[in-house]
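A.B. asks: First residue of the sequence shown? That's 1 in full-length UniProt numbering, and the numbers climb one at a time after it.
Note that beta-carbon positions come from the ideal geometry of N, C-alpha and C, so glycine has one too.
Note that the structure is predicted; figures quoted are calculated from it, not measured.
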Amino acid sequence: APESLMQALEDLDYLAALDDDGNLSEVGIIMSEFPLDPQLAKALIASCEFDCVEEMVSLAAMLTASPCFVPPSTHLEEAVTVRQRALLHPDGDHFTLINIFNAFQQPDPALPADNADEGWCRKHAVSGEALRLAGIVRAELLEVMQRIELPISPPAFGTDANVRNIQRALISGYFLKVARDIDGSGNYVMLTHKHVAHLPPACCYLLRQPPQRLPPWVLYHEFTISQDNCLRVVSEIQPQMLVELAPQYYLSNLPPSESRDLLMELREKVVAVEDVPVVPE
Numbered sequence: 001a002p003e004s005l006m007q008a009l010e011d012l013d014y015l016a017a018l019d020d021d022g023n024l025s026e027v028g029i030i031m032s033e034f035p036l037d038p039q040l041a042k043a044l045i046a047s048c049e050f051d052c053v054e055e056m057v058s059l060a061a062m063l064t065a066s067p068c069f070v071p072p073s074t075h076l077e078e079a080v081t082v083r084q085r086a087l088l089h090p091d092g093d094h095f096t097l098i099n100i101f102n103a104f105q106q107p108d109p110a111l112p113a114d115n116a117d118e119g120w121c122r123k124h125a126v127s128g129e130a131l132r133l134a135g136i137v138r139a140e141l142l143e144v145m146q147r148i149e150l151p152i153s154p155p156a157f158g159t160d161a162n163v164r165n166i167q168r169a170l171i172s173g174y175f176l177k178v179a180r181d182i183d184g185s186g187n188y189v190m191l192t193h194k195h196v197a198h199l200p201p202a203c204c205y206l207l208r209q210p211p212q213r214l215p216p217w218v219l220y221h222e223f224t225i226s227q228d229n230c231l232r233v234v235s236e237i238q239p240q241m242l243v244e245l246a247p248q249y250y251l252s253n254l255p256p257s258e259s260r261d262l263l264m265e266l267r268e269k270v271v272a273v274e275d276v277p278v279v280p281e
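#1: Nearest to H124 by CA position, among P155, N102 and L87, is which residue?
#2: Our contact map puts V234 next to L199 with C-beta atoms below 8 Å; I'd like the distance itself, whole angstroms only.
#3: What residue range does the alpha helix (DSSP H) around D91 cover?
#4: Under a three-way DSSP split, which group does L231 fall into?
#5: With R164 as the anchor, note down where its alpha helix (DSSP H) starts and where it stops.
#6: In the DSSP assignment, what residue or residues form a beta bridge with D181?
#7: Use the C-beta contact count for N61: other C-beta atoms within 10 angstroms, 16 or more gives buried, fewer gives exposed.
#8: With H, G and I counted as helix, E and B as strand and the rest as coil, what does DSSP make of V70?
#9: In three-state DSSP terms, what is F104?
#10: Using only CA atoms, which one of P211, L9, A179 and I30 lies nearest to D21?
#11: Tell me whether S58 is buried or exposed, calling it buried when 16 or more other Cβ atoms sit within 10 Å of its Cβ.
#12: Could you tell me the alpha carbon to alpha carbon distance between H193 and L231, rounded to whole angstroms?
#13: Run through DSSP, which three-state label would H195 get?
#14: How many angstroms separate the CA atom of V189 from the CA atom of R260?
#15: Taking C-beta to C-beta, are Q39 and G158 nearer than 8 Å?
#16: Does R267 pass the burial test, meaning 16 or more other C-beta atoms within 10 Å, or should it be called exposed?
#17: Should the region 34-52 be regarded as contacting the region 174-181, the criterion being three or more beta carbon pairs within less than 8 Å?
#18: Specify the secondary structure class of L40 as computed by DSSP and reduced to three states.
#19: By how many angstroms is the C-alpha of L18 removed from the C-alpha of L12?
#20: So if DSSP puts F157 in a beta bridge, which residue, or which two residues, is it bridged to?
#21: Which residue wins for smallest C-alpha separation from I100, given the options E78, V82, F69 and G119?
#22: Just the C-alpha distance for D181 and H89, rounded to the nearest angstrom, thanks.
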C-alpha cells in the first residue's frame with residue numbers, strides 16, 4: 001500500500017539511511033550490507049560506536065532466528081520455569097536472549113559431549129534448532145562486519161557500562177519502537193501511534209520472583225495486534241537516553257500526548273545544560 005511505502009521511507013529517513021535526495025546515505029549503504037531489518041542493522045552499526053559489538057551481534061542473531069522458548073510438558077512446567085528464571089536478566093528480554101545464547105555456547109559438563117546441547121535445551125525448554133541457527137547467523141554477521149572493516153569490540157557482557165552501551169545501541173536503531181506505561185499497571189502506549197499494548201506472558205518482567213514494579217518506559221522489538229495485543233522482546237530504557245539519541249525532528253513529529261510532552265521537556269533541559277558556557281579556570 002502507498003501508506004506503508006511512505007511510512008517505510010520516513011522510517012529510513014529517521015534512521016539517517018537516506019540523503020537529502022532520497023538516495024541511500026553512507027550509513028544506509030552500510031546498513032544494506034546486513035541481511036537484517038533496517039532498525040536492527042542500525043543498532044548493530046551503532047554498537048561499533050558504543051563498544052558492545054560482541055553482545056549486539058549475538059542479540060541480532062537471536063532476534064533473527066525463530067523464538068527460542070518452546071512450551072514444556074505440563075508435568076515439567078514448574079521445574080522448567082524455575083530453570084528458565086535463572087536465565088532471566090534484570091535489564092530486560094534483549095539481555096535475557098544474550099544470556100541464553102551465551103549459556104548455550106557453554107555445554108553442561110554433567111552430560112556427554114554429543115548430548116550436552118540437546119540436554120541443556122530440554123532442561124530449559126528452549127529450541128536447540130533456533131539456537132544453532134542463531135550461531136550460524138552470528139558468524140555470517142561477523143563476516144560482513146570484518147569484510148567492510150567495522151571495528152569489533154571485545155566482549156564485556158555483565159558490566160554496568162556494557163548494559164548502558166547495549167541500551168544506547170538499541171535506542172539508536174529502535175527509537176521508533178518505544179512505549180510508556182501510562183498508569184503503572186502495564187498499559188503501554190506506543191509513542192508513534194498511541195495504541196495501548198501489554199507485556200507478553202514470557203516477558204522477564206512478568207516472570208521475576210518476587211514480582212517487582214513494571215518498567216515505566218520500554219523499547220520493544222516488534223508488535224503485531226494479532227498476537228494477543230502484546231509487545232515482543234521488551235527491555236527498560238531511560239527516557240533521557242531516548243532524548244539524547246533519537247533525532248530531534250523525530251521527537252517533534254510524535255503525535256501529541258503526555259509522553260511526547262515529557263520527552264520535549266527533557267529535551268529542553270538537555271539543551272539548556274548544553275548551552276551553559278564553560279567558565280575557564
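C.D. replies: Quick look at the numbers:
#1: L87
#2: 6 Å
#3: Looking at the DSSP string, D91 is not in any alpha helix (DSSP H), and its letter there is neither H nor E.
#4: strand
#5: D160 to Y174
#6: Y188
#7: The question names Asn, yet the displayed sequence has Ala at residue 61. Classification for A61: buried.
#8: coil
#9: helix
#10: L9
#11: buried
#12: 14 Å
#13: coil
#14: 11 Å
#15: no
#16: buried
#17: yes
#18: helix
#19: 6 Å
#20: Answer by DSSP bridge pairing: none, since F157 is not bridged.
#21: F69
#22: 20 Å
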